[in-house]
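Visitor: Shown below is the structure under consideration.
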Amino acid sequence: MNTSARREPIAPDDPSLRTYTEPEVTALLGELHYYGSRFGIQWGSAAVTETTLDGRPLVDFGSASLSTLLNLLHLLRDLHGGRADAP
140 MNTSARREPI APDDPSLRTY TEPEVTALLG ELHYYGSRFG IQWGSAAVTE
190 TTLDGRPLVD FGSASLSTLL NLLHLLRDLH GGRADAP
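Numbering (this note's numbering), first residue to last: 140 to 226.
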């Protein structure tokens, strides 16, 4: 397990989330599929939705916010050991 410094979760109303574009979120979903599959976690139907919440894109796996995707991805990256061999 990675012993890097503790990372604070990203809040759903973090203003930086407004800067993400659909292609960037799609790339993050690709990373989520990559890291998640190594732990038996799969989201085959996850995709960026047309709907936004107060200007923030939503990810369609239960209409999760982008912050949920990023926080989950951070956890999976840490479990993966922080290696940079992602696609």
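Quick reminder that beta carbons are idealized off the backbone N, C-alpha and C, glycines included.
If contacts are defined as beta-carbon pairs under 8 Å, then E161 and V198 qualify, I think. What distance do you get, rounded to the angstrom?
Guide: If you number the sequence shown from 1, residue 161 lands on position 22. If you number the sequence shown from 1, residue 198 lands on position 59. E161 to V198, Cβ: 11 Å. No contact.
Visitor: Please determine, among T191, E189 and E170, the residue with the shortest C-alpha to C-alpha distance to H219.
Guide: To locate residue 219, count along the sequence shown from 1; it is residue 80. Selected option, being the one with the closest Cα: E170.
Visitor: What is the residue span of the beta strand (DSSP E) that P196 lies within?
Guide: Here residue 196 refers to the residue found at position 57 when the sequence shown is read from its first residue. Element bounds for P196: R195 to V198.
Visitor: Check the C-beta distance from R195 over to L208 and give it rounded, since I have them as a contact under 8 Å.
Guide: One-based indexing of the sequence shown puts residue 195 at position 56. One-based indexing of the sequence shown puts residue 208 at position 69. Their Cβ separation, rounded to whole angstroms, is 11 Å, which puts R195 and L208 out of contact at 8 Å.
Visitor: Is the beta carbon of R177 within less than 7 Å of some heavy atom of the ligand SAH?
Guide: In the structure on display, the ligand SAH does not appear, and there are no ligands present to speak of.
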